[in-house]
Every structure is written in C-alpha cells, then in structure tokens.
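Each remark here refers to the structure printed beneath this line.
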Amino acid sequence: MNNGDLILLDFTAKVKDTGDLIETTIEEEGKKIGDFDEDFVFKPRLVAVGDSWVLKGLDEALAEAEIGKQVNIDIPPEKGFGVRDASKTSLFPLKKFRDKADQISVGSEIEIDGRIGIVRFVGSGRAQIDFNHRYAGRTLEYNFTVVKKIEDNKEMINEIIDRRIPNSVEKITVDIEQNIANINIPDEYFLLEGLQIIKRAIANEIMKYVKDVNQVSYIEQFKTTQNNDKNKVEDKDKVEESTEQETTEQEIINKLYDKNNFSISELLLIVKLNFLFIKSIISLSGILLQ
1 MNNGDLILLD
11 FTAKVKDTGD
21 LIETTIEEEG
31 KKIGDFDEDF
41 VFKPRLVAVG
51 DSWVLKGLDE
61 ALAEAEIGKQ
71 VNIDIPPEKG
81 FGVRDASKTS
91 LFPLKKFRDK
101 ADQISVGSEI
111 EIDGRIGIVR
121 FVGSGRAQID
131 FNHRYAGRTL
141 EYNFTVVKKI
151 EDNKEMINEI
161 IDRRIPNSVE
171 KITVDIEQNI
181 ANINIPDEYF
191 LLEGLQIIKR
201 AIANEIMKYV
211 KDVNQVSYIE
221 QFKTTQNNDK
231 NKVEDKDKVE
241 ESTEQETTEQ
251 EIINKLYDKN
261 NFSISELLLI
271 VKLNFLFIKS
281 IISLSGILLQ
C-alpha cells in the first residue's frame, strides 16, 4: 500500500494481556460484547494509508500489507495509545463532585474541569482520577485484513461521505461532472448537528484523495410531502364549498329584493307575517292607552 491510498479495512483490536475487546468491524466479534448494540452496522472501515487515521503501529503495518491477506500484529504502547504518564493522575476531594459523589466507582469514566478521566481509587473522602488514555501503557493486539483498495472515484466519494455521515450511501447521491463533485443532500439531514463542519471536512478529503476532483458542490433538496399535497386539496375543497355557500346566500338576498322571483306560497307567507305584525302593534297600542 502507498501513502494516501484509500482502503477498506476489517480488523479486531484487543488488549494483549487480558484479551479485552477494544474495537472491531466484524459482527461475530462484536456480538461477544455484553452490551451489544443491535442497531450498529458492522462493516469494513475506510482508512487513508499513512495519514494517521489509525494508530501509528497499525498505519506502519498497512504499508506492508497485501489485499485479502490476514495479518496479526502486536502494537507497543509508544505506537498505540501512549506510555502512561504519572503526572496525569490526580487526587480530588469527593465534595468536588457534589451530588455525583455517590455515583463514583473504580473504573468509571468521569468529566472534571473539562477533562475526561478514569477513576482509579476511591477512599478517605478522596478519588484518584487518571487522565491518561484508558489503554495507555498497554500492548495491543490487532488482527486485520485489507478488504480492498478503492480505485473508483465515485466509490471513494461515497465512502468518504459515509465516514462522516454513517449509513447515508443510499440517501445522499453523488454525480461527477468534469472536475466537480455534486453532492445531493436530502432535507432529513439538514438538522444534523455540526452539518456545516461535516460538509467542509468531506469536501477537503474529497479534494485531497480523489483524483481530478478539485471542486465540491452541495445541493440541498427540499421535497413536498404527500400530506402537504393532501392538505392543499382539502383547502381547495373548503374554498370551493365556502364560495358555493356565499353564492347561495347572495341569491337569496337578491331574491328578496326582486318580488317577481317569489312564488305564490312565499307571497302568502309574507302577507300573513305582516298581518300578525300589524295586529301585535294594535294590541300593544290599546294596552298603552289604558
């Protein structure tokens, strides 16, 4: 492999002396973890050889690896997560953790003063917090296979996008025209946290690793849903119904002003109502005269 090659890598990483699983891309190995996430998708990892996308020890081994050949290596601390630094371990009074003091236990991770540390000891009203990496000072065992070297430009772009926005290959589409990569992003990703930063990172990686592409264009797609179309039809029906009602009421008013449009029964009813009205006025006048 050459520096800058984009490859798909299957691997399993463990702590050498305990066999504790650190990370894996293989489902059978992943299921051995007690808290297995059934929604997690196990698949080969995209790696740019020689560009520090993985630990230094693994990166060096990839330079000598062959496609399809399984490799087992041990990675010492200085080429893994580093050598333990005693100055990164500190004692803190439990009262500093306030209401979380009762939740502190050996081996748990905790954030304090903006740093993430591991609880190494609890006692006498104090807690020892180790700010070294969890696997600092540990020799690691890696079992890996280079599944393939990616040669196709469009496949490279899809894998780069999927690295930043997991499981998006079937939703985010890519077209390459001359030296421009056009990336179509559907509206379901618009509220993704840090989207603008992600887009910048994707663009930088595409222009770095994909030959002949020196410009990236993003197209954000807004689509009308079927529900919106249905609401538009319902609103249109309501408008038409309202217009019909207004028209009917207007016809009645016009009819009242045009006596020639009344039927005989309607005229007799109007005469009767007028007679009753006049009679009530006369009766009321007689009462008032008394």
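Take the sequence shown: its position 17, counting from 1, is numbered 17 in our numbering, and each next residue is one higher.
All C-beta atoms in this analysis are idealised placements derived from N, C-alpha and C, irrespective of residue type, glycine included.
As the structure is a prediction and not an experimental result, all values here were calculated from the model.
For D10, the CB contacts under 7 angstroms within the same chain, skipping 5 residues up- and downstream, are T25, I26, P44, F144, T145, V147 in chain order. For G123, the enclosing beta strand (DSSP E) stretches over residues 115–123.
Annotation for E205: I160 place their beta carbon closer than 7 angstroms to its own, counting only its chain and skipping 5 residues before and after.
Annotation for K223: P186, D187 place their beta carbon closer than 8 angstroms to its own, counting only its chain and skipping 5 residues before and after. Straight through space, the alpha carbons of E220 and D20 are spaced by roughly 43 angstroms. Between the alpha carbons of F40 and D162 lies a gap of roughly 14 angstroms. Taking the CA atoms as reference points, G57 sits about 22 angstroms from E29. Annotated three-state conformation of A201 is helix, per DSSP.
Between the segment 86–101 and the segment 122–133, the count of Cβ pairs shorter than 8 angstroms is three or higher; the stretches touch.
Between the C-alpha atoms of E111 and V213 there is a straight-line separation of about 42 angstroms. For R120, the closest C-alpha among the options F42, G107, D113 is that of G107. Each residue's CA atom was taken as its position, placing N72 and I22 some 15 angstroms apart.
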